[in-house]
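Chains as they are written, first to last, in the working numbering: chain Z, 1 to 356; chain P, 1001 to 1356.
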């Protein structure tokens, strides 16, 4: 639980329930540690407290509300922050991740889903996954194959979908395209393997940490640029003889978003996957627009998660999508603050908390 | 002719020729006055002098080089700055306007195409249309129907193609989309009629001059916003209940490019059509990228001009594309500086110089 901002997490007892008509109670199997959780712990984005963080998880349905038909007890599910109403303009035009009914399924008219004693606990992103149970609206869940390992499935709930989806859904990378990825953490590695699945002709991985560049090569990168040696833009322009078709920013900083734009060739597209801190502005040289360059954002990989995630699982089971290799560490809930400290240090790809 | 920068144009005798193997000599019928010419006269973009400006023209072929098979004497043609090599990656992937061989057909190995006495005169954009004759590479020309009036055809050579093409080719506006156009000069009016042709659901025209907003309504705008009353972003957000699908910047300023981005709804695209002066930077709020907003540039309407321009002519002859209404004034070459003064004042849509 997060009690004050900025602050570490504390372990406490939270009461979950009651189960509303469209709610689903899920026994959490595993939950991933994500940079976005860290942003909220550090206060880069605001959130009311107390709250239970965590939003990348998988588990098994325990109980369903009276109106729920999508899942039943025993079903395996992945949770996703991209809860959708299913009836608005965005949902109906292929963009449920941008659902017009923001907060749909989060702020119900009923009693709070989470409480500590008499005090309501604010649910995070409609999920709050760093807990043994999740109580969520059914439209925050996708049902998955029961033979898919739940710890690996959890990773798909955010990081994999964000990275792979940015490449396949937002940028729509085509076979033969030349791409660059700035930042080879959990998101960047998934952008790299997304580009590999799409048949990219050349994949340039950029990071300041040598071990991450090595890992990037195993995820499909064809070239690496060490950004600790200086601004990587010049190196990429030289490697490609004029710039890339697609650049992906997978850190969440204005400075690296600008680098992504500046390493584009004519007609190229820079896609910002990372969450840029509130208030930061991205500056581009207006003249470059004449070369039909493009800067765009990706929200959670432009996911239609009930469509995308089952596909990602098929690719994993067929050996086309790496998940095992993404996991740097597995820990019990009690060690979660150590995990976030390691994440802050930048040395890890993805860490999981598991519950047994 | 432009002799010094910044400066007005002067009238002088220029010798044209010889006709190279792939060159075409064209008798100019009409040439449009464009803001881009003005940018070069004012020094906002550099160009060597002396030069003959002008790049939006139509005429009749007088003579062709030994290797030219595309046209023959007597053919009617429109000139376009988007000369293409036809063999590079951009040309072969549907983007001849971004041809990798920049300057193709401009800097020939042979003698200069234009001379004053013994002095070479620098050709502007491979064309130099403010003259009774043009000598150009054949890949700067499109052959057109002989029954198309050449004065109206000239307008298609730049302004129409830039505005209509930005909507149809660059942004690919779909029927039902909600769009806004900032700036209702020659380019903006064409963006508006392009959106009308594409079946846009709502077209919001934005300008500071009331007469231009009136004209915009006759070109298909459904709503107008007077920007002289203050920043138009708030008005557009209110009119649309949250922003537009597509915003077009048709002036060429960083400030209005930012307005275009800021008036987008979720998943919206801002397309910058205008040439932003060298050195100006466009700043956007990084957080907005999370809503999958997009900022892109359009180069001459992403034209494939030999494909697009004959289509525009068909639409004009069928009454679907307005050209007559674009013409604010027609003048002889001797009055061209008066025309540019009027253009600078911002009161006119498009002016033509005609040669008889």
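All C-beta atoms in this analysis are idealised placements derived from N, C-alpha and C, irrespective of residue type, glycine included.
### Message
DSSP three-state label for residue 1345(P), please.
### Response
Helix, per DSSP.
### Message
Tell me which residues share the same chain as residue 1042(P) and place their Cβ nearer than 6 Å to its Cβ, disregarding the 5 neighbours each side in the sequence.
### Response
1006
### Query
Apart from the five residues just before and just after residue 1193(P), which ones in its own chain have a Cβ nearer than 7 Å to its Cβ?
So the qualifying residues of the chain are 1164, 1219, 1220, 1321, 1322.
### Query
Interface residues of chain Z around residue 1256(P) at Cβ under 8 Å?
Against chain Z, the beta carbon of residue 1256(P) has no neighbour under 8 Å; the closest one sits roughly 11 Å away.
### Query
In three-state DSSP terms, what is residue 209(Z)?
coil
### Message
Counting only C-beta atoms, is residue 288(Z) closer than 9 Å to chain P at any point?
### Response
yes
### Task
Within the region 274 to 305 of chain Z, note down every full beta strand (DSSP E) run reaching 3 residues or more, in order along the chain.
281 to 285, 294 to 297
### Message
Counting C-beta neighbours from all protein chains within 10 Å, is the total for residue 82(Z) 16 or more, i.e. buried, or is it exposed?
### Response
buried
### Task
Alpha carbon to alpha carbon, how far is residue 1019(P) from residue 1028(P)? Give it in angstroms, no decimals.
If I take the Cα positions, the gap works out to 16 Å.
### Message
Spatial neighbours of residue 1158(P) within its chain, please: C-beta separation below 8 Å, excluding the five flanking residues on both sides.
### Response
1032, 1034, 1036, 1055, 1056, 1080, 1081, 1300
#### Entry: According to DSSP, residues forming a beta bridge with residue 263(Z)
Answer is none; residue 263(Z) lacks a bridge partner.
### Task
Could you tell me which chain Z residues have their CB closer than 8 Å to the CB of residue 1294(P), listed as they occur along the chain?
294, 295, 296, 297
### Query
Based on the DSSP secondary-structure assignment, which residues constitute the bridge partners of residue 1051(P)?
Paired residue(s): 1002(P), 1122(P).
#### Entry: Which residues DSSP lists as bridging residue 32(Z), in chain order
352(Z)
### Query
When the Cα of residue 975(P) is compared with those of 1003(P), 1004(P), 1010(P), which residue comes out closest?
In the structure as shown, chain P begins at 1001 and stops at 1356. Residue 975(P) is therefore absent and cannot be evaluated.
### Query
Between 1151(P), 1203(P), 1015(P), which lies nearest to residue 1135(P) when the distance is taken from Cα to Cα?
When 1151(P), 1203(P), 1015(P) are compared, the shortest CA-CA separation from residue 1135(P) is found for 1015(P).
### Task
Could you list the residues in the region 160 to 188 of chain Z with a C-beta less than 9 Å from some C-beta on chain P, going in chain order?
170
### Task
Within 10 angstroms of the Cβ of residue 1175(P), are there 16 or more other Cβ atoms? Answer buried if so, exposed if not.
exposed
### Message
Taking only three categories from DSSP, how would you classify residue 148(Z)?
### Response
In the structure shown, residue 148(Z) falls within a coil segment according to DSSP collapsed to helix, strand and coil.
### Task
Report yes if the C-beta distance between residue 1249(P) and residue 1271(P) is below 9 Å; otherwise report no.
yes
### Query
Just by C-beta distance, which residues in the region 238 to 253 of chain Z are closer than 7 Å to chain P?
none
### Message
Measuring only the C-alpha atoms, how far is residue 3(Z) from residue 344(Z)?
### Response
20 Å
### Query
Can you name the residues that DSSP bridges to residue 116(Z)?
119(Z)
### Message
At the 9 Å Cβ level, is residue 275(Z) part of the contact set with chain P, yes or no?
### Response
Closer than 9 Å to some Cβ of chain P, the Cβ of residue 275(Z) qualifies, so yes.
### Query
What residues from chain P crowd round residue 95(Z), counting only those whose CB sits closer than 9 Å?
1266, 1267, 1292
### Query
With burial defined as no fewer than 16 other Cβ atoms inside 10 Å of the residue's Cβ, what is the status of residue 307(Z): buried or exposed?
exposed
### Message
In chain order, what are the residue ranges of uninterrupted alpha helix (DSSP H) at least 4 long that sit wholly in the region 178 to 260 of chain Z?
### Response
186 to 197, 210 to 218, 232 to 240
### Message
Quick check on residue 302(Z) - is its C-beta less than 9 Å from some C-beta in chain P?
### Response
yes
### Message
Applying the 10 Å Cβ sphere with the 16-neighbour rule, what's the burial state of residue 1191(P)?
### Response
buried
### Query
Is the region 271 to 289 of chain Z close to the region 1272 to 1283 of chain P, with three or more CB pairs under 8 Å?
yes
### Query
Rounded to a whole number of angstroms, what is the C-alpha to C-alpha distance between residue 1058(P) and residue 1078(P)?
4 Å
### Opening and closing residue of the alpha helix (DSSP H) in which residue 1163(P) lies
1161 to 1165
### Message
Quick check: is the beta carbon of residue 1090(P) nearer than 9 Å to any beta carbon in chain Z?
### Response
yes
### Query
Got a sec: is the Cβ-Cβ distance from residue 281(Z) to anything in chain P below 9 Å?
yes
### Query
Do residue 171(Z) and residue 298(Z) have their CB atoms nearer than 9 Å?
yes
### Query
So, helix, strand or coil for residue 27(Z), using DSSP?
strand
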